[in-house]
Amino acid sequence: EAQVTQNPRYLITVTGKKLTVTCSQNMNHEYMSWYRQDPGLGLRQIYYSMNVEVTDKGDVPEGYKVSRKEKRNFPLILESPSPNQTSLYFCASSLKTGPYNEQFFGPGTRLTVL
Amino acid sequence: AQSVTQLGSHVSVSEGALVLLRCNYSSSVPPYLFWYVQYPNQGLQLLLKYTSAATLVKGINGFEAEFKKSETSFHLTKPSAHMSDAAEYFCAVSDDGTSYDKVIFGPGTSLSVIP
């Protein structure tokens, strides 16, 4: 089944404790992206990757890191989480970059930072 | 840069009634437009997209949207609401001002369907 998977789905952690949220897609997509969803703000892009070893900042990159060593994986790293990073996070992928391409979303990771 | 507004953060309709979710965008050039739906505890999935082929776009689950350039709108409609339509709906527009064709999402509209 073609899908984007994220782990964990739920995570409660404390300020300053490094964490990684994994994202994997099995559709051989070139483009991958991370978003955070907050009430009233919709989805805001954190980082994106157009292909292996090519990553760049989105609209809200502060406090986050990413890597793209393999085409299928795009982990999101929070080196020192803070309470303002409490949010719902989505990973997405699309076949190629381009304004008309449909994005496929993972199920989301709900993160709480205490 | 592009922006997307969705009038009404929450819309309630009765089962069987018309669904109308509003979306307006800002753009100086014809954009690509999308509607995504998010069911509870799930990721977003594409409902439909406008790519300039036709102004009336039909999507999944009986939804459709009409692109009106003069109004810079892309409202989503469904003739008869079903309980299963209760979800969050996001309008999105391609950003023509970037090097990688970024997509800008609106704030979302939560649709409730009353039995």
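Residue numbers (this note's numbering), protein chains in the order written: chain A, 114 to 227; chain B, 8 to 122. Glycine included, every Cβ here is placed at the ideal spot set by N, Cα and C.
Per-residue DSSP class, three states only, for residue i
i	result
glycine 221 of chain A	coil
lysine 184 of chain A	coil
methionine 140 of chain A	coil
asparagine 120 of chain A	strand
aspartate 169 of chain A	strand
glycine 69 of chain B	helix
glutamate 78 of chain B	helix
glutamine 49 of chain B	coil
Cβ distance (whole Å) where residue i is taken to contact residue j below 8 Å
i	j	result
methionine 163 of chain A	tyrosine 144 of chain A	6 Å
cysteine 136 of chain A	glutamine 158 of chain A	Not confirmed; about 14 Å, so no contact.
aspartate 92 of chain B	valine 18 of chain B	Contact doesn't hold; Cβ gap of about 11 Å is too wide.
serine 200 of chain A	glutamine 150 of chain A	7 Å
valine 117 of chain A	glycine 219 of chain A	4 Å
phenylalanine 112 of chain B	phenylalanine 97 of chain B	5 Å
lysine 56 of chain B	tyrosine 32 of chain B	Not a contact, Cβ separation roughly 13 Å.
threonine 6 of chain B	glutamine 52 of chain B	For residue 6 of chain B there is no data in the structure shown, the boundaries of chain B being 8 and 122.
tyrosine 213 of chain A	tryptophan 147 of chain A	The Cβ separation is near 21 Å, so there is no contact.
valine 226 of chain A	proline 196 of chain A	5 Å
Interface flag, residue i vs chain B, CB-CB below 8 Å
i	result
proline 194 of chain A	no
tyrosine 202 of chain A	no
tyrosine 213 of chain A	yes
proline 220 of chain A	yes
glutamine 216 of chain A	yes
Chain A contact for residue i (CB, 8 Å cutoff)
i	result
glycine 115 of chain B	yes
threonine 58 of chain B	yes
tyrosine 96 of chain B	no
phenylalanine 81 of chain B	no
serine 16 of chain B	yes
glutamine 52 of chain B	yes
lysine 85 of chain B	no
phenylalanine 70 of chain B	no
lysine 109 of chain B	yes
phenylalanine 112 of chain B	yes
Beta-bridge pairing of residue i - partner residues as DSSP gives them
i	result
threonine 12 of chain B	B:Asn31
methionine 145 of chain A	A:Ser162 and A:Ser206
isoleucine 190 of chain A	A:Thr133 and A:Lys178
aspartate 151 of chain A	A:Gly155
glutamate 95 of chain B	B:Gln45 and B:Ser117
threonine 126 of chain A	A:Val226
threonine 84 of chain B	B:Leu27 and B:Glu71
lysine 151 of chain B	Any question about residue 151 of chain B goes unanswered here, given that chain B covers just 8 to 122.
histidine 17 of chain B	B:Ser117
serine 200 of chain A	A:Leu224
Residue i: CB within 7 Å of a non-hydrogen atom of the ligand ATP
i	result
glycine 155 of chain A	As far as ligands go, the structure on display features none, and thus does not contain the ligand ATP.
Practice item. Mind checking the region 27-50 of chain B against chain A and listing, in chain order, the residues whose C-beta falls within less than 9 Å of any C-beta there? Key: Pro38, Tyr39, Phe41, Tyr43, Gln45, Asn48, Gln49 and Gly50
Check your understanding: If contact means a Cβ-Cβ distance below 7 Å, which residues of the region 138-155 of chain A contact chain B?
Key -> Gly153, Leu154 and Gly155
Point to revise | Short-range partners of chain B found in the region 155-185 of chain A, where Cβ spacing is below 9 Å | key: Gly155, Leu156, Arg157, Gln158, Tyr161, Met163, Asp169, Gly171 and Asp172
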